[in-house]
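In the numbering used here, the protein residues as written are 1 to 258.
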Amino acid sequence: MSLIHPSAIIDPSAELGKDVEVGPWTYIGPQVEVGDGCVIGSHVVIKGPTKIGRHNRIFQFASVGEDCQDKKYRGEPTRLEIGDHNVIREGATLHRGTVQDQGITRVGSHNLLMAYTHVAHDCLVGDQVILANNAALAGHVHVDDYAILGGFTAVHQFCHIGAHVMCGAGTVVIKDIPAYVMATGNTAQPHGINSEGLKRRGFSAEAIAQLKRAYKVIYRSGLTLEQALPQLQQMAEAESAVNLLIKSLQTSSRGIIR
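Structure (structure tokens):
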């Protein structure tokens, strides 16, 4: 049974799953799918085409699935897809994609988007990601699993934030951040491996030690990335966690922070 406040405006074509709650003065437009068990607060606006998975909680004044802010956008039917068990806090904004990319903005599962965060068009956000208050992703940004972006972090378009990255508050990102790296500053500078975060996620002491050695190869050996990669690949033979770091380096399109 859905619990819909009488003042909510739900387009007849919108599809709501079981046990969905919708608060007062919320608008859910056409071509919107909301999965089972979602809780949508008051004064939320959800526009389509948007698909929202199961057991998400969306707080008041969030704007989900709105037209993007790209000046090239001409009303094409692009999409936003959101996975399961996400928390989207007050005033967050998530925009649909553009046809200049894949036409979709995608947010995975088990993410926390704190108040006033922004996910722009064509962003791909993985699972278990945290965007702290006022963190903002420009268009076409990729954020991999378990990354944490501190409050007021600003990420330039097309940047790639690797898995398990930790950005301090107020970080300005204009280049890619490799997996596992801690970064802060304007502009972002690397500050070692996110070892505390990795400990919390069950990485062994040996894996973390090997990742620290890999970090030194990249940042302290004086080698170019092309020269460093063979050493990293040898290290990956002993510790598989290094493979994720290598992949983030090989797929970088904007160059990495230095």
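Glycine included, each C-beta is placed from N, C-alpha and C at the ideal position.
- Between residue 256 and residue 175, the beta carbon gap of about 6 Å places them in contact (Cβ cut-off 8 Å).
- For residue 197, the enclosing alpha helix (DSSP H) starts and ends at 195 to 200.
- Counting other Cβ atoms within 10 Å of its Cβ, residue 6 stays below 16 and is therefore classed as exposed.
- Between residue 48 and residue 22, the gap from beta carbon to beta carbon reaches 7 Å or more.
- Annotation: residue 151 to residue 15 spans about 34 Å, alpha carbon to alpha carbon.
- For residue 246, the enclosing alpha helix (DSSP H) starts and ends at 242 to 250.
- Per DSSP, the unbroken beta strand (DSSP E) holding residue 107 starts and ends at 104 to 107.
- Per DSSP, residue 94 is one residue of the beta strand (DSSP E) stretching across 93 to 95.
- Within its own chain, the residues whose Cβ lies closer than 7 Å to the Cβ of residue 91, once the five positions on either side in sequence are excluded, are 61, 62, 115 and 116, listed in chain order.
- Burial is judged here by how many other beta carbons sit within 10 angstroms of a residue's own beta carbon; residue 209 has fewer than 16 and is exposed.
- Residue burial annotation: residue 89 is buried, with at least 16 other C-beta atoms found within 10 angstroms of its C-beta.
- Distances from the alpha-carbon of residue 68 to those of 59, 57, 80 and 58 put 80 closest.
- Counted as a single uninterrupted DSSP element, the beta strand (DSSP E) harbouring residue 80 occupies residues 79 to 82.
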